[in-house]
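Novice: Position 25 of the sequence shown, counting from 1, maps to 24 under numbering that gives the first Met the number 0, and the rest follow consecutively.
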Amino acid sequence: MVRAIVGANWGDEGKGKITDMLAKESDIIVRFQGGSNAGHTIINNYGKFALHLLPSGVFYDHTTSIIGNGVALNIPYLINEIDSIVERGVPKPHILVSDRAQILMPYHVLFDTYEEARLAGKSFGSTKSGIAPFYSDKYAKIGIQVSELFDEAVLKEKIEGICETKNVLLEHLYHKPLLDPAELFETCCQYRDMIEPYVCDVSAYLYDGIRAGKTILLEGQLGSLKDPDHGIYPMVTSSSTLAAYGAIGAGIPPYEIKDIITVVKAYSSAVGAGAFVSEIFGEEADELRRRGGDGGEFGATTGRPRRMGWFDAVATRYGCRIQGATEVAFTVLDVLGYLKEIPVCIGYEIDGEVTKDFPATIKLEKAKPVLTTLPGWNCDIRGIKKYEDLPENCKNYIEFVEKEIGVRISMVSNGPGRDDIIMR
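1) Applying the criterion that 16 or more other CB atoms from any shown protein chain within 10 Å of the CB defines a buried residue, is C187 buried or exposed?
2) Could you give the residue range of the alpha helix (DSSP H) that holds A203?
3) So V145 and I209 are in contact, right, with Cβ under 8 Å, and what is the actual spacing, rounded?
4) Going residue by residue through the segment 356-417, where are the continuous beta strand (DSSP E) segments of at least 3 residues, counting only ones entirely within it?
5) K47 bridges to which residues according to DSSP?
6) Using a 10 Å radius around the Cβ and a threshold of 16 neighbouring Cβ atoms, would you call V167 buried or exposed?
7) Can you give me the Cβ contacts of Q449 inside the same chain, cut-off strictly under 7 Å, excluding the 5 residues immediately before and after it?
8) Near V70, what residues of its chain come up, given a Cβ to Cβ distance below 6 Å and the 5 sequence neighbours on each side ignored?
9) Who are the Cβ neighbours of E364 in its own chain at under 6 Å, not counting the five residues just before and after it?
10) If you draw a straight line from the alpha carbon of L217 to that of G250, how long is it in whole angstroms?
11) Determine the extent of the beta strand (DSSP E) in which L221 is found, giving its start and end residues.
12) Closest to W376 by CA distance: which of V400, E340 and Y347 is it?
13) How many angstroms separate the CA atom of K121 from the CA atom of Y134?
14) For E352, which three-state DSSP category applies?
15) Is there a Cβ of chain D sitting closer than 8 Å to that of E282, yes or no?
16) Run through the DSSP bridge pairs and tell me what E340 is partnered with.
17) Could you tell me whether the Cβ atoms of D419 and R381 are closer together than 8 Å?
18) Give me the Cα-Cα distance between E429 and V85, rounded to the nearest whole angstrom.
19) Confirm, please, whether the CB-CB distance from H107 to P75 is below 8 Å.
20) If distances are taken between C-alpha atoms only, which option among F149, A116 and I349 comes closest to H174?
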């Protein structure tokens, strides 16, 4: 059986913890898109970890963790991440890397940094991890596939072609040092030696796994609203964040995905630029940021303070719909315990009209939030294990959200630990 776990919003919904929990019951965990540009924070018996490229199943010795063909594969980053968890006492995980994955090269990071600097005030708020240049090259068909590392003649020819086009930009647009083909070839040879033990035909491996009845978990990065097609374009990421892409990014048939667990946050947060209708500012935002997440709402990759907002029913309903959510995991609910009243965004006012539908970016920029207020429960709910033991106002908040988004909330997270979860 194949399940997908994905985000409904801007990312940072608390997927790491839920994935860690679901990974325990899985045989194979697959990262199917994105790269080291976002992180999942996981707290377990070994400590607190921020994973970037590794799937969240690496803490269990019964699982196989896979880097799918849809991932932006930063090879030294992956090897360092494996070493860093092993150094902290985690048994060495069983990892496979698709021979069709493409390699994020050092020049992708350079181009990302140069372009953000060139755009200055009009930049996209990139994490400067090289993601946009990587996917641009992939679709322009000048990317380097893992399998190509093992054919030196093909590799040399490809690198010559890459340097030809890149050096024109470096010289005339960015006025930066040029790429050296011999140096790039040497880098690729080092990458080949690092990755060789892990390389596999992942699609064939998963096909056999599905036939053998294995439990497979597809792990997404970021959330619906950062999808390049269905998100707040152009302030989006460069790979699809949707469960549907899991089939492509892992190499399995779409009809095998039976369950799409979509993670929804009890309030809103976002990293990077772009429309964010329910955003709050000043002391109100600072307090929510301070109390939020585990140790506050700061990016797992960049450490940037996240932008904060109240729960947005319009964006979340859309986010769940576009993911095809079959169930929802509702996270960080405990954070709201300090509030006597909790505002919720239930509509957008655009040009004097109120809508409950999430529009394309051009209209979204004009949207103002339509808020309603729910009574808070004003107490700490951590440690509660049963749904019926939650305060009445807390259950009312959950049920209000469930009605607004139109998808069953099957799990409620009420703390950062892996056992702080209420099954409904």
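Note that the Cβ used here is the ideal one computed from N, Cα and C, for glycine as well. Treat the numbers as computed from the prediction; the structure is a model and nothing was measured.
Specialist: On the basis of the coordinates in this document:
1) Residue mapping note: residue 187 aligns to position 188 of the sequence shown, counting from 1. Classification of C187: buried, given that the 10 Å Cβ count is 16 or more.
2) On the sequence shown, residue 203 is found 204 positions in, with the first residue counted as 1. Note, A203: alpha helix (DSSP H), V201 to R210.
3) If you number the sequence shown from 1, residue 145 lands on position 146. If you number the sequence shown from 1, residue 209 lands on position 210. Not a contact, Cβ separation roughly 22 Å.
4) 367-374 and 408-412
5) What you label residue 47 is simply residue 48 of the sequence shown in a count that begins at 1. Partner(s): I42.
6) In the sequence shown, the residue the question calls residue 167 occupies position 168. Exposed, since its Cβ has fewer than 16 Cβ neighbours within 10 Å.
7) In this structure the chain extends from 0 to 423, so residue 449 is not present and cannot be described.
8) Along the sequence shown, read from residue 1 onward, the residue named residue 70 stands at position 71. Answer for V70: R30 and A100, listed in chain order.
9) Residue 364 sits at position 365 when you count from the first residue of the sequence shown. The answer, listed in chain order, is A274.
10) Here the question's residue 217 lines up with position 218 in the sequence shown. Here the question's residue 250 lines up with position 251 in the sequence shown. Going by the C-alpha atoms only, they are around 11 Å apart.
11) As a position in the sequence shown, residue 221 is number 222, starting the count at 1. Per DSSP, L221 belongs to the beta strand (DSSP E) from I215 to G222.
12) Numbered from 1 along the sequence shown, position 377 holds the residue referred to as residue 376. The residue with the shortest Cα to Cα distance from W376 is E340.
13) Within the sequence shown, residue 121 is the residue found at index 122, counting from 1. Within the sequence shown, residue 134 is the residue found at index 135, counting from 1. Each residue's Cα considered, the two are about 20 Å apart.
14) As a working note, residue 352 is residue 353 in the sequence shown. E352 falls in the strand class under three-state DSSP.
15) The chain inventory of the structure shown lacks chain D, comprising one protein chain alone.
16) For the purposes of this step, residue 340 is taken as the residue at position 341 of the sequence shown. Note: E340 sits in a beta bridge opposite P374.
17) For the purposes of this step, residue 419 is taken as the residue at position 420 of the sequence shown. For the purposes of this step, residue 381 is taken as the residue at position 382 of the sequence shown. For D419 and R381, yes; Cβs fall inside 8 Å.
18) Only positions 0 to 423 of the chain appear in the structure, and residue 429 is not among them; the question remains open.
19) For this step, residue 75 is matched to residue 76 along the sequence shown. For this step, residue 107 is matched to residue 108 along the sequence shown. Going by C-beta atoms, P75 is not nearer than 8 Å to H107.
20) Taking the sequence shown and counting its residues from 1, one reaches residue 174 at position 175. When only C-alpha atoms are compared, the closest one is A116.
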